[in-house]
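Here is the structure we will look at, set down as structure tokens.
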Amino acid sequence: MTIINKLASQLDRRDEEPNIELAQELASENKTGIHEIIENLSNKDKKIRHDCIKVAYEIGQVKPELISDHAIVFVELLRSRDNRMVWGAMQAITTIAELKTELLMEQLHEIQLAIKIGSVITVDKGIITLAKLAASSEENNEQIFPFLIEHLKNCRTKEVPQHAESTLIAVNEKNKEEFIQVLQEREPYMTEPQRKRIKKIFKSFEQ
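2 is the number of the first residue of the sequence shown in the numbering used here; add one for each residue after it.
Here it is, written out as structure tokens:
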């Protein structure tokens, strides 16, 4: 029985449980099986592709080092016409950001472009990815933080609290004031629950 036969679509299942179970099985260092999953990210059958990207990022959440060598494959998928593959790839990239910082910095334009034109999940995971990369070094921070600030200025109001929380790991003494100022400018337009999340961020700087 090949790995592919264990995918949800091949078992005629409509839920994701078989894919999650397969990811957990492969996370026990089954490199041959993982390679098969990566190869089938370009399968002609859309259902198989979708199952495989799910398995890939589920592995990444458990043991990111097992998929990190395939980082460039995930980056290339950001240009896919298949939205499920795009946000799934970004989810995989998020899990390996700290392991493949140098490679992902070389692909920064691709990641930023995907965020600019991507779906909600692509954007959410993309901001986390950029924040992780920005937090990795001062040089990376200087390159990435302006993009994160610009995003916080222009994203939908309801997205500001979540994306500000994601960006927090990239905030330092140099850029803290700019970060706080952007949130203060956007705060008046928020609902009370959104404002509470922002105030929590402000309080974290007082500690």
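Think of the CB as a built atom: it goes at the ideal place given N, C-alpha and C, for glycine as much as any other residue.
1) With a threshold of 16 other CB atoms inside 10 Å of the CB of lysine 126, please say whether the residue is buried or exposed.
2) In whole angstroms, what is the alpha-carbon distance linking cysteine 156 and alanine 165?
3) Secondary structure at glutamate 207, three-state DSSP: helix, strand or coil?
4) Identify which residue in Glu30, Ile54, Ile181 has its Cα closest to the Cα of isoleucine 5.
5) Might you give, ordered along the chain, the residues of its own chain that have their beta carbon closer than 6 Å to the beta carbon of lysine 101, omitting 5 neighbours on each side?
6) Within the same chain, show all residues whose beta-carbon is closer than 6 Å to that of phenylalanine 180, passing over the 5 residues directly before and after it, in chain order.
7) Is DSSP giving isoleucine 68 helix, strand or coil here?
8) Compute the Euclidean distance between the alpha carbons of isoleucine 38 and proline 189, then round it to the nearest angstrom.
9) Measuring CA to CA, which of Glu66, Ser120, Gln144, Leu67 is closest to methionine 91?
10) Measuring only the C-alpha atoms, how far is tyrosine 58 from isoleucine 35?
11) Threshold first: 4 residues or longer. Then list the alpha helix (DSSP H) segments lying entirely within the segment 81-144, N to C.
12) For glutamate 22, report the span of its alpha helix (DSSP H) as first-last.
13) Measure the alpha-carbon distance for lysine 64 versus alanine 93 and round it to whole angstroms.
14) Use the C-beta contact count for serine 138: other C-beta atoms within 10 angstroms, 16 or more gives buried, fewer gives exposed.
15) For leucine 12 versus isoleucine 49, is the C-beta distance shorter than 8 Å?
16) What first and last residue would you give for the alpha helix (DSSP H) that runs through lysine 48?
17) Note down, in chain order, each residue of its chain lying with its Cβ closer than 8 Å to the Cβ of lysine 32, except the 5 sequence neighbours on either side.
18) Compute the distance between the beta-carbons of isoleucine 112 and leucine 131, then report whether it is under 8 Å.
19) Would you report the Cα separation of lysine 197 and glutamine 108, rounded to the nearest angstrom?
20) If you reduce the DSSP assignment to three classes, tell me which class leucine 149 lands in.
21) Put lysine 175 into one of helix, strand or coil per three-state DSSP.
Looking at the atomic coordinates:
1) With 16 or more other Cβ atoms inside 10 Å of its own Cβ, lysine 126 counts as buried.
2) Approximately 11 Å, taken between the alpha carbons.
3) It is coil, neither helix nor strand.
4) Minimum Cα distance to isoleucine 5 is reached at Ile54.
5) Cβ contact annotation for lysine 101 (same chain, cutoff 6 Å, sequence separation greater than five): Ser69, Ala72, in chain order.
6) Val172.
7) Here isoleucine 68 sits in coil by DSSP.
8) Rounded to whole angstroms, isoleucine 38 and proline 189 show a C-alpha spacing of 47 Å.
9) With distances taken between Cα atoms, methionine 91 lies closest to Ser120.
10) Going from the Cα of tyrosine 58 to the Cα of isoleucine 35 covers about 11 Å.
11) 84-97, 102-107, 109-118, 121-136, all fully within the segment 81-144.
12) Where glutamate 22 is concerned, the enclosing alpha helix (DSSP H) stretches over 18-27.
13) Approximately 11 Å, taken between the alpha carbons.
14) So serine 138 ends up on the exposed side.
15) Isoleucine 49 sits away from leucine 12, with the two beta carbons spaced by 8 Å or more.
16) Segment 47-63, the alpha helix (DSSP H) holding lysine 48.
17) Within the same chain, lysine 32 has close Cβ partners Leu67.
18) Yes.
19) Inter-residue distance for lysine 197 and glutamine 108 is about 35 Å (C-alpha atoms, whole angstroms).
20) DSSP places leucine 149 in helix when its eight states are reduced to three.
21) Three-state DSSP puts lysine 175 in coil, outside helix and strand.
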